[in-house]
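Working notes for the structure below.
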RNA sequence: AGGACCAUAGCUCAGUUGGUUAGAGCGCCACGUUGACAUCGUGGAGGUCGGCGGUUCAAAUCCGCCUGGUCCUACCA
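In this note's numbering, the protein residues as written are 2 to 949.
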């Protein structure tokens, strides 16, 4: 083995071997365990969030596989409608100077497929680098043939049950992308805006109570004035009671619109009058429904002003009895241009009462960045009410459990206030809606055109055209858990692996995806999609900021694994930016944060870092310091293994069953191993990967390396040690290491496999050529091998060694200088332990002599420390700094006094003694005794030195 | 406006049902290349557990209020 751990040399090799040997596929034996990967965008690349999530899923999967479960980690990618379409659109524009419309639908979607074939392997290659043990043989894509079939089936069945309908409704419209988007894809941003107060003249000579011949309405969106169909006042408002049923003349347009009474109008706000524009505002739409107002649309698909408005009734039928003419001056203007013109024209007409500046929030499309417009269009919807009920119940009754539990509230809050789901998108990339129209606009929903004809008795001479729209991406990914397993066929895989065991996902996607999966899966399989949902937080940068290209703080997990030089990193962060003016600042910050670029750390260290930071449900600030630390940890494990191999390879390790003698240290480390195994297993069961990784880290570093390896040296290197004892120690070294590797494998698959291949043959667990650690058994703790006596003994030994190290440090004695030490005031057990541990003490504490002093009174002047009741003394051969030592002792005495004072106060408190449990009181008494003994010793010492 | 979560060492974080001399890693200081490892070893400094009040014999931990931060939902005519 190389002297230092070099991850790049082992990682690729092992992944390929595992994959070739088919270790990722389900074993077909044991209780099923399954996880569905949240499908990443097929053309995307792996970001820190994926890497984090994949680490968790892989750790769970490898762990359960080792436990003997029939384990499936289902992999696949998502077609990601808008994102992919936009990406390819930009690419085609840049490379060919053409828009998608230049190409036409078919040629353009061909381009996307081409791009998918070209770049679709990128993210799956990166997934392999992370060590993900997914079953590649079952890889799926949300637009592959089987999935298409599942999507159609679900759509048709929902339609036939009356749960999908089509209608003209107000939806969130993206004027740039020309498609409807869901509420969830809208990002509300705070803005400063203007608030214009307009006068609307009353018609027919009517006046208000106050004698005015106009009403004042206020708006942040003057351009929608063109589509007003009423002015509302509150039905309780005495100021306007007489005006309800009367009319105003809509300025600039000249349309006569009614004054209606509706509780939407708030008497406290502004004048108490509100303009109502049902086709351009969600609240007004509701008012329109209650007051039976016409819907007057004044925008084109681009959100420019129409030449002539369109009027509809609430069922979406065109209305012909309304004057839809609009002033020619605004035709073709954008929303924002029209706003300025209308304000100017109102002012010129003397109808602008005043303007104020207000803070408001505006909806932006999270993909296009454009301001989203409520817009009246024909869309397909899923009626969610009846789907939501069982989905809520499934979480209430515990069929689905969120970890951590508080996310259940978030889920309930959303589910109880669910609006019908708009599932149609005016895009070209996606699952085309299986609906056909005849020349009269009648709609026929079926699995294909032939079925549509058949079902509705349409002859071949009726021409049918398919709906142009595609389905929301989340409609297909909502079928992920059962669609990937072959549904609607009744497959073996579906019977075995559904419901899945756990979904690992970020909280940001609970609404988009988790809730919809639950609804659709329950409706079509009668089963929940997963029994548990493990919700993790976002990976942020070290300052707690979201990682984003525009902030220039993105880390690429692959760069953390392989390393990257500074120039490449700067180039990566500043190249191809949306806002190039930020490049300079980003370059500077990057040079400052990573003056040397990023060193390679390897996949295992990255995985371990994620796991150690995976505390329940909160965001993680990614810490480079910890990544370095865990790379060092890998190196530590590597070198400890080298030590074991150097001492065990080619030696008798007792694997043939020959007689062995186990030292106290051997029994102690075996005992601690059992406890660690139990601890790690329990933490994994609770999804506390931070605890699992920490328990492992501490055991490997602080116990196995720091103590056990050191304690093995006197046995292995001492010529007087018996062969049985040496065999016992070699056997323990090898077997404990082998168990450590199994225990660590789910978290750090590569390094453990690499070392295991060398260690397992010595431990007798290697099954020959082609064997892999990943299919070996997870270590089970054996209570019977927990050895309290050995533990107490080693604790004593550690106590003495630490005491001597302390004395060395205090007296400034070089660590390597051999010392003489004395033990005194102990009991018979202490004496026995001294004899049993003499070689260990000599070696680890660097002692040339260690004696038992029967009569403490004969003690020479010495630096002293307590181990239990026993004193550990290092005689001071004169060379001490008297003043410094006195000062140190005084300080130490003070410290003890404070502690003693605190405890005495506690014990002096009658109610404490009376009310606290006896065990707690006794503990305080014991503490007091120990502290007092220590204090006496310190005082004695001080007096001796002072007397010199 | 409603809700959720968070605040512990310079930094990133643990701290189970109230009882610890409040812990880890990184960073810092001192010493040290002894035959696995300087990506290391040994020792050390560093915290009034955001603030105030309450419950209790006992509060980092439970309750209330306040401050600061993150996020979600809603509203903003």
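Glycine is no exception: its CB is placed at the ideal position from the N, C-alpha and C atoms.
These numbers were taken from a predicted model, which means no experiment stands behind them.
Query	Result
What do you reckon, are the CB atoms on residue 820 and residue 875 nearer than 9 Å?	yes
Looking at residue 218: is its Cβ nearer than 9 Å to the Cβ of residue 241?	no
How many angstroms separate the CA atom of residue 877 from the CA atom of residue 850?	14 Å
On the CB-based measure, 16 or more other CB atoms within 10 Å of its CB, does residue 657 come out buried or exposed?	exposed
Compare the C-alpha of residue 431 against each of 825, 677, 259, 117 and name the closest.	117
In whole angstroms, give me the CA-to-CA distance for residue 766 and residue 30.	21 Å
With DSSP as the reference, please indicate the residues paired to residue 142 in a beta bridge.	78
What residues in its chain sit with their C-beta under 6 Å from that of residue 542, if we drop five residues either side in the sequence?	548, 554
How would you call residue 374, buried or exposed, if buried means at least 16 neighbouring beta carbons within 10 angstroms?	buried
Can you give the Cα-Cα distance for residue 129 and residue 16, rounded to whole angstroms?	7 Å
Enumerate in chain order the residues of its own chain whose CB-to-CB distance from residue 1 is below 7 Å, with the five nearest sequence positions on each side excluded.	Lying before the first or after the last residue shown, residue 1 is absent from the chain, which here runs from 2 to 949.
Residue 638 and residue 752 look like a contact to me (Cβ under 8 Å); what is the Cβ gap, rounded to whole Å?	6 Å
What are the boundary residues of the alpha helix (DSSP H) that includes residue 457?	450-457
Which residue comes first and which comes last in the alpha helix (DSSP H) that contains residue 979?	Residue 979 is absent from the structure shown; the chain starts at 2 and stops at 949.
What's the C-alpha gap between residue 126 and residue 55?	13 Å
Taking C-alpha atoms, which residue in 12, 28, 778, 158 lies nearest to residue 131?	12
How do the region 652-667 and the region 26-40 stand: do at least 3 beta-carbon pairs fall below 8 Å, yes or no?	no
Which residue from 9, 235, 808 puts its Cα closest to that of residue 600?	9
So, is residue 551 buried or exposed, given that buried needs 16 or more other C-beta atoms within 10 angstroms?	exposed
Spell out the partners DSSP gives residue 466 in its beta bridges.	438
Identify the residues that DSSP records as bridge partners of residue 194: which are they?	359
Secondary structure at residue 334, three-state DSSP: helix, strand or coil?	coil
Compute the distance between the beta-carbons of residue 469 and residue 377, then report whether it is under 9 Å.	no
Roughly how many angstroms separate the alpha carbons of residue 49 and residue 556, rounded to a whole number?	7 Å
Apart from the five residues on each side of it in sequence, which residues of its chain come closer than 8 Å, Cβ to Cβ, to residue 532?	400, 401, 402, 500, 501, 502, 503
Taking the beta strand (DSSP E) that residue 502 belongs to, which residues open and close that run?	501-507
Do you know offhand how far residue 448's Cα is from residue 78's?	24 Å
Three-state secondary structure (DSSP) at residue 653?	coil
Return the bridge partner residues of residue 423 from the DSSP annotation.	382
Is the beta carbon of residue 86 sitting closer than 9 Å to the one on residue 361?	no
Is residue 697 closer than 9 Å to residue 628 when the C-beta atoms are compared?	no
Quick one: is residue 321 buried, meaning 16 or more other Cβ sit within 10 Å of its Cβ, or exposed?	exposed
Helix, strand or coil: which one does DSSP assign to residue 461?	coil
Taking DSSP as the reference, what is the three-state secondary structure of residue 950?	The first residue shown for the chain is 2 and the last is 949, placing residue 950 beyond what the model contains.
To the nearest angstrom, how far is the alpha carbon of residue 364 from that of residue 184?	9 Å
Could you please give the first and the last residue of the uninterrupted alpha helix (DSSP H) stretch that includes residue 623?	Looking at the DSSP string, residue 623 is not in any alpha helix (DSSP H), and its letter there is neither H nor E.
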